[in-house]
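>
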Amino acid sequence: RAWGYDVSFQGEYYNVVARPEKPGTKLQLVAAHFDSTPHTPGADDNASAVAAMLGCAKAVAATPGNGGVIFVAFNREEDGLLGSADFVANLSAAQRAEITCAHVLEMVGFASDTPNSQITPPGLPINIPTTGNFLGLLANGDSSDEMNHVLRQAKAVLPTFPVIGLHVLMGFEKLLPVLLRSDHAPFWKEGIPSVMWTDTSEFRNPHYHRASDLPETLNYPFLRQVTQLLIASVMSASHKQ
-2 RAWGYDVSFQ
8 GEYYNVVARP
18 EKPGTKLQLV
28 AAHFDSTPHT
38 PGADDNASAV
48 AAMLGCAKAV
58 AATPGNGGVI
68 FVAFNREEDG
78 LLGSADFVAN
88 LSAAQRAEIT
98 CAHVLEMVGF
108 ASDTPNSQIT
118 PPGLPINIPT
128 TGNFLGLLAN
138 GDSSDEMNHV
148 LRQAKAVLPT
158 FPVIGLHVLM
168 GFEKLLPVLL
178 RSDHAPFWKE
188 GIPSVMWTDT
198 SEFRNPHYHR
208 ASDLPETLNY
218 PFLRQVTQLL
228 IASVMSASHK
238 Q
């Protein structure tokens, strides 16, 4: 509210929604879940993503004319994506049509330059580096254009920051459930463009869902670059609308 957003709770799971006071007719959505699993502080999963989302919200609020972005903190991602599923289910047809892209942030604060620090998820149809220092993006057929925009922004504003995008086409995500484990999935199901941003979670971070998922394990220069890319991607897309 202090940044000028209209903030409210949504749904039975108390998702937190921050809307611009004068929203545009076309809207981007930036989201991150704020819950964690029991017995873990959740520094990477998912406080890192909430921090990136808040950093983007503050930057957008300080830029005149950027009324085309909504920020949502989802609850109960760790409980079957209940919060995001409820949010999407309660969107009207008109509201769904307004959303040009939902950027969903899922663990974006852990990175390592150590060789063999990255595991490839089983069945993933892409060869990824074995060093876990890159940001991963995930898009389906409805959101490929939006992910390509992010990749172009990465080359333009952060040319040394490694970003890898995976295009999931022809419904392949249904054959590989690991691609549907975060809050982008309800958007995909309803045909709403959505890009998931991630450090690849347990395929890189040994503290995943453990008591050791602490703030001191995060890579803050990496998290800063993720946030910078998010801001650049959202603002540049907003100016095109």
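If you're matching positions, the sequence shown starts at -2 in the working numbering and goes up one per residue. From the three backbone atoms N, C-alpha and C, an ideal C-beta is built for every residue, glycine too.
#1: Determine, using beta carbons only, whether Pro159 and Asn130 come nearer to each other than 9 Å.
#2: Check this for me: beta carbons of Thr37 and Asp210, under 9 Å apart or not?
#3: Which same chain residues end up closer than 7 Å to Ser233 when comparing Cβ atoms and leaving out the 5 residues on each side of it in sequence?
#4: Using DSSP bridges, identify the partner residues of Thr195.
#5: Drop a sphere of 10 angstroms on the beta-carbon of Val4, count the other beta-carbons inside from all chains shown, and report buried for 16 or more, exposed for fewer.
#6: When we look at the beta-carbon of Asn113 and count the other beta-carbons within 10 Å, is it buried (16 or more) or exposed?
#7: Just the C-alpha distance for Ile189 and Cys98, rounded to the nearest angstrom, thanks.
#8: Which stretch, first to last residue, makes up the alpha helix (DSSP H) that contains Arg201?
#9: What's the C-alpha gap between Ala(-1) and Phe68?
#10: Look up Asn12 in the DSSP assignment and say whether it is helix, strand or coil.
#11: When the Cα atoms are used, what is the spatial distance from Val192 to His100?
#12: Alpha carbon to alpha carbon, how far is Asp83 from Thr214?
#13: Taking 7 Å as the limit between beta carbons, can you name the residues of its chain near Leu78, skipping five residues before and five after?
#14: Once DSSP output is grouped into helix, strand and coil, what is the label at Ala28?
#15: In the DSSP output, which residue or residues are listed as bridge partners for Gly162?
#16: Assign Asp42 to one of three DSSP states: helix, strand, or coil.
#17: Quick check on Ala153: buried or exposed, where buried means 16 or more other Cβ atoms within 10 Å of its Cβ?
#18: According to DSSP, simplified to helix, strand and coil, what is Pro17?
#19: Is there contact here, the segment 22 to 33 with the segment 43 to 58, by at least three beta-carbon pairs under 8 Å?
#20: If you follow the alpha helix (DSSP H) that Val175 is part of, which residue opens it and which one closes it?
#21: Given this structure, state the Cα-to-Cα distance separating Thr128 from Gly106, to the nearest angstrom.
This is what the structure holds:
#1: Start at 1 with the first residue of the sequence shown, and residue 159 comes out as number 162. Start at 1 with the first residue of the sequence shown, and residue 130 comes out as number 133. Going by C-beta atoms, Pro159 is nearer than 9 Å to Asn130.
#2: By one-based count along the sequence shown, residue 37 stands at place 40. By one-based count along the sequence shown, residue 210 stands at place 213. A Cβ-Cβ contact shorter than 9 Å links Thr37 with Asp210.
#3: Counted from its first residue, the sequence shown places residue 233 at position 236. For Ser233, where only same-chain residues beyond five positions count, the Cβ hits under 7 Å are Gln150.
#4: Within the sequence shown, the letter at position 198 stands for residue 195. Beta-bridge pairing links Thr195 to Glu103, Gly133.
#5: Locating residue 4 in the sequence shown gives position 7, where the first residue counts as 1. Exposed, because fewer than 16 other Cβ atoms sit within 10 Å of the Cβ of Val4.
#6: Here residue 113 refers to the residue found at position 116 when the sequence shown is read from its first residue. By the neighbour-count rule (16 or more Cβ atoms within 10 Å), Asn113 is not buried but exposed.
#7: Here residue 189 corresponds to residue number 192 of the sequence shown, with the count starting at 1. Here residue 98 corresponds to residue number 101 of the sequence shown, with the count starting at 1. Rounded to the nearest angstrom, the gap between the Cα atoms of Ile189 and Cys98 is 7 Å.
#8: The residue labelled residue 201 in the question sits at position 204 within the sequence shown. Segment: none, Arg201 is in no alpha helix (DSSP H) and carries neither H nor E.
#9: Along the sequence shown, one-based indexing puts residue -1 at 2. Along the sequence shown, one-based indexing puts residue 68 at 71. So the alpha carbons of these two residues sit roughly 14 Å apart.
#10: If you number the sequence shown from 1, residue 12 lands on position 15. Residue state, collapsed to three classes: strand.
#11: Within the sequence shown, residue 192 is the residue found at index 195, counting from 1. Within the sequence shown, residue 100 is the residue found at index 103, counting from 1. One C-alpha to the other measures close to 5 Å.
#12: Looking up residue 83 in the sequence shown gives position 86. Looking up residue 214 in the sequence shown gives position 217. Spanning the two alpha carbons is a distance of roughly 32 Å.
#13: In the sequence shown, the residue the question calls residue 78 occupies position 81. Around Leu78: Asp180, Ala182, Pro183.
#14: Counting from one through the sequence shown, the residue named residue 28 turns up at place 31. Strand, per DSSP.
#15: In the sequence shown, counting from the first residue as 1, residue 162 sits at position 165. DSSP lists Leu134 as the bridge partner or partners of Gly162.
#16: As a first step, residue 42 must be located in the sequence shown, where it is residue number 45. Three-state result, Asp42: helix.
#17: The residue labelled residue 153 in the question sits at position 156 within the sequence shown. The residue is exposed, with fewer than 16 neighbouring Cβ atoms inside 10 Å.
#18: For the purposes of this step, residue 17 is taken as the residue at position 20 of the sequence shown. The answer is strand: DSSP assigns Pro17 an E or B state.
#19: Cβ pair count under 8 Å is three or more, so yes.
#20: Translated into positions along the sequence shown, residue 175 becomes position 178. Run containing Val175: none; DSSP gives neither H nor E here.
#21: The residue you call residue 128 lines up with position 131 of the sequence shown. The residue you call residue 106 lines up with position 109 of the sequence shown. Rounded to whole angstroms, Thr128 to Gly106 spans 15 Å at the Cα level.
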